[in-house]
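Report on one structure; see the data block that follows.
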């Protein structure tokens, strides 16, 4: 079993000693439903989490657009850095929001603009980056370029994307992709697209970058149901696809570090940590490893979470909240692996934020 360092157990707080001096000046987040905190509330889409029972274990016990019963991993990371939980980019962010960080992530988004289009509107990855450029321009206009450049220099940029390129594109054979590309070719194409976007952003001056891999999609209740898993075992062929991509993302991270030596770029492997939780569930205190807390059908993965009556009583005993997304407790454990655990290389998120 992986060793998850829970700092409280060692008597050392994972929160900054002085909340007035956060470890990073700001936290900017890009990606999909794994990190969306409510941008899709403003869009016409099936990919929404703004109705009960989503958010029932959040601070205010109300739905807010997070695909979870409570907090997501980036909420914890923001708090560890001494920052407030990051607000959505859509809506009416004020100057303080802009300078402390915004979340541009959108459920359904993928590296490819076509990914997730079957769900309705979403903010594509390229659009998310364009929105950040607009944010930067607005801040420069309001505050002046030198202080904005200084703030961006010490800000943390977090990317969690790629899930929907497999879930809503490759595995659904959109545009006959399975006949045109094998899995290695598809992952290479995704990584080339991602690389082109990141090079523009890093070349524009961002310095601290976190690239997060894809988790064990083959263990999600949706795929257990769709692939008729006999006893709840993960779908190995899907996990193999994801791992091919993750290996490529780790190599891309190394290439970007070489090309942009003035920037600190880390790769974070969440597959290993979450898979360890799934395969050693009892050791982590979970009672249900493969069924969604909120859902219907086999493994709760045939129909995802739509109403409170579909939800279990105690989500903390479950690994999965709905057909695809983990519970708050898994997000917390994942945040620890990212913050000061074994997930990231060559630095932890804590070390990167502190530089």
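In full-length UniProt numbering, the protein residues as written are 1 to 355.
Where a beta carbon is used, it is the ideal one built from N, C-alpha and C, also for glycine.
Predicted model, so just to flag it, every value in this text is computed and none were measured.
Beta-carbon separation of residue i and residue j under 8 Å?
| i | j | result |
| --- | --- | --- |
| residue 161 | residue 217 | no |
| residue 101 | residue 110 | no |
| residue 271 | residue 341 | no |
| residue 322 | residue 294 | yes |
| residue 139 | residue 96 | no |
| residue 28 | residue 114 | no |
| residue 245 | residue 201 | no |
| residue 289 | residue 283 | no |
| residue 286 | residue 220 | no |
| residue 343 | residue 352 | no |
| residue 33 | residue 67 | yes |
| residue 235 | residue 278 | no |
| residue 248 | residue 183 | no |
| residue 151 | residue 354 | no |
| residue 301 | residue 292 | yes |
| residue 132 | residue 197 | no |
| residue 328 | residue 71 | yes |
Shortest alpha-carbon distance to residue i belongs to which of the options?
| i | options | result |
| --- | --- | --- |
| residue 261 | 336, 199, 283, 304 | 199 |
| residue 305 | 53, 95, 177 | 53 |
| residue 82 | 30, 308, 23 | 23 |
| residue 237 | 250, 223, 247 | 223 |
| residue 21 | 165, 80, 60, 36 | 80 |
| residue 330 | 276, 350, 307 | 276 |
| residue 35 | 118, 51, 123 | 123 |
| residue 357 | 253, 165, 55, 308 | Because the chain in this structure spans residues 1 to 355, residue 357 falls outside the shown range and cannot be described. |
Compute the beta-carbon to beta-carbon distance between residue i and residue j, rounded to the nearest angstrom, for a pair I have assumed lies under 8 Å.
| i | j | result |
| --- | --- | --- |
| residue 39 | residue 137 | No, residue 39 and residue 137 are not in contact; Cβ-Cβ is about 20 Å, not under 8 Å. |
| residue 225 | residue 298 | 5 Å |
| residue 63 | residue 47 | Between residue 47 and residue 63 the Cβ distance is about 14 Å, and since that is not below 8 Å, they are no contact. |
| residue 69 | residue 86 | With a Cβ gap of about 19 Å, residue 69 and residue 86 do not count as contacting. |
| residue 74 | residue 158 | 6 Å |
| residue 357 | residue 143 | The structure shown does not extend to residue 357, since the chain is modelled only from 1 to 355, so the question has no answer here. |
| residue 44 | residue 145 | In fact, because the Cβ distance is near 37 Å, the residues do not count as touching under 8 Å. |
| residue 204 | residue 274 | About 32 Å; that fails the 8 Å criterion. |
Leaving out five residues before and five after residue i in sequence, what residues of the same chain have Cβ atoms less than 6 Å from its Cβ?
| i | result |
| --- | --- |
| residue 207 | 153, 263 |
| residue 42 | 90 |
| residue 128 | 30, 104 |
| residue 92 | none |
| residue 335 | 73, 76, 77 |
| residue 194 | 111 |
| residue 250 | 267 |
Excluding the 5 residues flanking residue i on each side, which residues of the same chain have their C-beta closer than 7 Å to its C-beta?
| i | result |
| --- | --- |
| residue 346 | 266 |
| residue 303 | 295, 296, 297 |
| residue 186 | 170, 177 |
| residue 174 | 114 |
State the DSSP-derived secondary structure class of residue i, mapped to helix, strand or coil.
| i | result |
| --- | --- |
| residue 25 | coil |
| residue 196 | helix |
| residue 149 | helix |
| residue 326 | strand |
| residue 259 | helix |
| residue 124 | coil |
| residue 277 | helix |
| residue 156 | strand |
| residue 210 | strand |
| residue 6 | Per-residue confidence for residue 6 stands at a pLDDT of 44, beneath the threshold of 50, marking its modelled position as unreliable; no derived number is given. |
| residue 103 | strand |
| residue 12 | With a pLDDT of 44 at residue 12, under the threshold of 50, the modelled position of that residue is not reliable, and no figure is offered here. |
Counting only beta-carbon separations shorter than 8 Å, does residue i have a partner in chain C?
| i | result |
| --- | --- |
| residue 353 | Looking for chain C here will not work: only one protein chain is present. |
Is there at least one non-hydrogen atom of the ligand SAM closer than 7 Å to the beta-carbon of residue i?
| i | result |
| --- | --- |
| residue 300 | Annotation note on the ligand SAM: not contained in the displayed structure, which lists no ligands. |
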